[in-house]
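Chains as they are written, first to last, in the numbering used here: chain A, 1 to 112; chain B, 1001 to 1494; chain C, 2001 to 2166.
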Amino acid sequence: MPLWFIRGLRRGVVTTRYPARPDDSAARLPTPPAFRPGQLTREVADRLVAVCPGPALSRRDDTLVFDVGACTGCGRCAEAAPDAVASSGEFELATTSRSVLIKEIPIRGDEP
Amino acid sequence: MTTQAAAIRGTVTTRVPAADLEKVTADLAKAPGTRLADMFASDGGITVLRLVWARESGYLVTETEIEGGQYPALSDIAPAAFVEECEIYEQFGIRPATGKPLNRLMLPPHAGPDFPRLGHAPAQPPQEVHAPHTVGGQAFEFPFGPVRQVGVESLYYGLVTSGEEVVDVYLFTWHKHRGVEWRLRGTTPRQAMFFAERAEGLSAVAVGWAFAAAAEAALGVAPPPAADRTRAVALELERLYNHAAAMAALCQATGLTVGQSAAEIALERLLRVNAAAFGHRYLFGVIEPGGTARAPDVAVLRRELPAAYGELRRAADALLRTNSFVDRLEACGILTAEHARRLGLVGPVARATGLTVDARRDGPYAAHPVTVVTADGGDVFARFQVMLGEAAESVRLIGEFLDAGTAAERTALPAKGNGEPGSGSGLGWAESSRGEVLAWVALDENGRITRARLRPGSVRNWRGFDDACRSQNVFTDIPIIEASFWLTAAGLAR
Amino acid sequence: MNPSLDEAEAARRLRDTIAAQFGRSLHIRTLDTGSCAVCEQEIRLLSAPHYDLHRLGFFFTPAPRHADLLLVTGPMVRAFEVAARKTYEAMPGPKVVVATGACALGGVYPKDPFVHGDVGQVLPVDVWIPGCPPSPLALLHGLGVAVGRLAEKTPGLTFIADGGQG
């Protein structure tokens, strides 16, 4: 037991200060996408919807409907249209309202 | 004790008429160096029964058309097949000819004739497992779970004990049966990959690799060597974090909180290495059919893995010098090599009895042979030693794979998109931290899955759990034995 | 009296009560309704040295009778529904249900004969935590939101890049 005690003291504190202070390790976590409306044509939007493995993406007229709650951060949408999709960098996503997780992204239409 | 594993050459598939199945199975079961690795069925009009045998020279798949709903009692010849006979009966309605009772295992109790199955409902419902069923005298049976202690998966045990001694343990996972194989039908390999990874998430790389390899075998394509090396790096990282997690669970089960904390520090550091190298703490999304979707950040991996492994090594060394810990592990949960062979067990559970069964013999491992770590005794301590030896070997292999070439390129199947061309079927495999994973895929002419079989290591090894827990063990040993197996309920239930 | 004002006031008072009772000492029971096992591993790490939820006054308890918060993973496999309801009903009020992970939020498995597809089909969910899996940091944020100690960020995020937030 003294062995463990000494090891522990020498090891020091590894505990995060989160939520009081930000934690650097968050920078490497996968996060949901953020979309660039300027690059979102209907065709691109339909491609994103097709490639999403779950119900996180759907299209309603000229709106890309993004359900953040359903998103697994798999990255297939970013791979399919890298100009239109960026990483949001957001991991603090918890909410007390399910509907708040449904986001609407405008589609720019097909003119350049 | 270590041995070099020989390279294997490929899969052979052979049709066996139903009349010859019993003899062929008996010959294979007796052949030296041959192990029954899986048995499953598929139904495209006629029910086809497939047995997968692992041999020195590669895998052999026998295919037999079953008519009249019956086939020879294969588990009388190969006890390793009993669980599969029960599952096949539930899903396809075909059964061994002997008339012996088959248990309901996979599907929930309310699964009537209309419940979705991979084939047809059986004519007679399977038997409900009751206990005590092997013991006379005073024994107390109590059900435990499926909601168990905090932070562990749901799992239902039937525990039969006479005071402290474990008389029997049987377990069910039908409350976690998500119907993964059923849901994969009609999807493309790329779409299915998302679910295959999540069949047993703690083996996402291994199950994903086995599945991708099965699809590639069906299509006759092979990933480039660089992609294979990337897959291997991810697989060894997966093995490392799982072994660290098992070590933490062993400490928790033995009540050694400082050891648990030390192991958890190592585990957290390894998960951060995964996130830094591959963008996901649990390595989801690395493998895709045809190659890999991501390449590792080699510089970060080289820089950070040694320190993370050092944490694991130091914690392990301290544990090995803590007698109160080692005493709980020695002579606990003993499985003999005979048990392991008879039941077709895989992974560290089998290797701790002295068997040199390891699926890492081909692909990228052909040029980078694995030193297979085994131990004697088959107890919890032997399994712990095997895991520690394998962790060291994994770090060495990762270094070799990273040195062997440039970072892997992303590749895709020649015709990417929904409906890759070409039909066919194929077998894939990978060695997860829990043991050999097998996958078998059949594709139609549109490249869509007609049958996907996923067989994580947990499916093989849970059937050894009751033997390991029985007799000289008290039931407070059960969490220790469970930690030393380090399986999942999700992998068995699927 | 305007009924919706009454309801809003009642909801605010209930939230304040919960924050006062749970804000500094909260006991958590976990519930796996069919996960792939990875969410459980992240939840276990909450008590590991890197995260140490005890410093925030959060504790795990195996007994639903002693629990204030139910942390639920998995897509609610139908065969598990009875066990899920029994666990929830065994918890005395006030209690909070937190659905964690994409499976529990309906993002992985569609509703079909095997699964409900999301936890909200069976249990009254109060807090949703996205992720696959949600990391321990995301779980800590979600628990903080559940007890009213941390603010939600998602209402203000647009997930639009190039000029928008997030």
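All C-beta atoms, glycine included, are put in the ideal place defined by N, C-alpha and C. This structure is a prediction, so every number in the text was calculated from the model and none was measured.
Ignore the nearest five residues each way along the sequence and tell me which others in residue i's own chain have a CB closer than 8 Å to its CB.
i	result
residue 2164 of chain C	Note that residue 2164 of chain C has pLDDT 42, beneath the 50 cutoff, so the model's placement of it is unreliable and the number below is only indicative. So the qualifying residues of the chain are 2158.
residue 53 of chain A	72, 74, 76
residue 1029 of chain B	1036, 1077, 1078
residue 1089 of chain B	1095, 1102, 1122, 1126
Alpha carbon to alpha carbon, how far is residue i from residue j?
i	j	result
residue 106 of chain A	residue 64 of chain A	6 Å
residue 1320 of chain B	residue 2 of chain A	15 Å
residue 1183 of chain B	residue 2076 of chain C	16 Å
residue 2120 of chain C	residue 2078 of chain C	13 Å
residue 1394 of chain B	residue 1272 of chain B	17 Å
residue 2087 of chain C	residue 2062 of chain C	11 Å
residue 1107 of chain B	residue 1041 of chain B	16 Å
residue 59 of chain A	residue 100 of chain A	18 Å
residue 61 of chain A	residue 49 of chain A	13 Å
residue 1198 of chain B	residue 1458 of chain B	14 Å
residue 1101 of chain B	residue 1425 of chain B	32 Å
residue 1328 of chain B	residue 1479 of chain B	11 Å
residue 91 of chain A	residue 2070 of chain C	21 Å
residue 1430 of chain B	residue 1359 of chain B	6 Å
residue 1456 of chain B	residue 1158 of chain B	23 Å
residue 1402 of chain B	residue 1079 of chain B	41 Å
residue 2044 of chain C	residue 1171 of chain B	23 Å
residue 2084 of chain C	residue 1065 of chain B	42 Å
residue 1117 of chain B	residue 1071 of chain B	20 Å
residue 2100 of chain C	residue 2152 of chain C	15 Å
residue 1341 of chain B	residue 1356 of chain B	11 Å
residue 1442 of chain B	residue 23 of chain A	46 Å
residue 1147 of chain B	residue 1367 of chain B	46 Å
residue 1125 of chain B	residue 1473 of chain B	35 Å
residue 1559 of chain B	residue 2028 of chain C	Chain B is shown only over 1001 to 1494; residue 1559 of chain B falls outside these bounds and no answer can be derived.
residue 1050 of chain B	residue 1308 of chain B	43 Å
Can you list, in chain order, the residues of its chain whose CB lies under 7 Å from that of residue i, leaving out five sequence neighbours each side?
i	result
residue 1252 of chain B	1260
residue 1263 of chain B	1244, 1247, 1248, 1251, 1315
residue 1230 of chain B	1292, 1295, 1296, 1408
residue 1488 of chain B	1153, 1200, 1202, 1458
residue 1363 of chain B	1228
residue 1275 of chain B	1281
residue 2014 of chain C	none
residue 1254 of chain B	1325, 1328, 1480
residue 1015 of chain B	1063
residue 1302 of chain B	1402
Let me confirm a value: residue i is counted as buried when at least 16 other C-beta atoms fall within 10 Å, else exposed. Which label applies?
i	result
residue 103 of chain A	buried
residue 1232 of chain B	buried
residue 1493 of chain B	buried
residue 72 of chain A	buried
residue 1379 of chain B	buried
residue 1046 of chain B	exposed
residue 1097 of chain B	exposed
residue 93 of chain A	buried
residue 2007 of chain C	exposed
residue 31 of chain A	buried
residue 1236 of chain B	buried
residue 1347 of chain B	buried
residue 85 of chain A	buried
residue 1385 of chain B	buried
residue 1189 of chain B	buried
residue 1067 of chain B	exposed
Using C-beta distances below 6 Å, list every residue in its chain close to residue i, excluding the 5 sequence neighbours before and after it, in chain order.
i	result
residue 1339 of chain B	1467
residue 2117 of chain C	2075, 2106, 2109, 2110, 2111
residue 2156 of chain C	none
residue 2081 of chain C	2122
residue 1475 of chain B	1161, 1166
residue 1187 of chain B	1449
residue 1284 of chain B	1197, 1204
What does residue i reach in chain E if we use C-beta pairs closer than 9 Å?
i	result
residue 29 of chain A	The structure shown contains no chain E; its protein chains are A, B and C.
Under 7 Å from any heavy atom of the ligand NAD, does the C-beta of residue i make it?
i	result
residue 1491 of chain B	Absent from the structure shown: the ligand NAD. Ligands present: none.
Practice item. Would you list, in chain order, the members of the segment 1321-1341 of chain B that have their beta-carbon closer than 7 Å to a beta-carbon of chain C? Key: Listed in sequence order: no entries.
Check your understanding: Closer than 7 Å, Cβ to any Cβ of chain A: which residues of the segment 2132-2157 of chain C, in chain order?
Key -> Listed by position, the residues of the segment 2132-2157 of chain C near chain A (Cβ gap below 7 Å) are 2132, 2135, 2137, 2138, 2140, 2141, 2142, 2144, 2145, 2150, 2152, 2153, 2154, 2155, 2157.
Exercise for review: Could you pull out every unbroken beta strand (DSSP E) segment of at least 3 residues lying fully inside the segment 2052-2103 of chain C, listed in chain order?
Suggested key: DSSP runs (the beta strand (DSSP E)) wholly in the segment 2052-2103 of chain C: 2058-2060, 2069-2073, 2096-2100.
Review point. Listed from N- to C-terminal order along the chain, which residues in the segment 1109-1133 of chain B have their beta-carbon within a distance smaller than 7 Å of any beta-carbon of chain C?
Key: 1115, 1116
Review point. Using a beta-carbon distance cut-off of less than 7 Å, what residues from the segment 1173-1197 of chain B approach chain C?
Key: 1174, 1175, 1176, 1177, 1178, 1179
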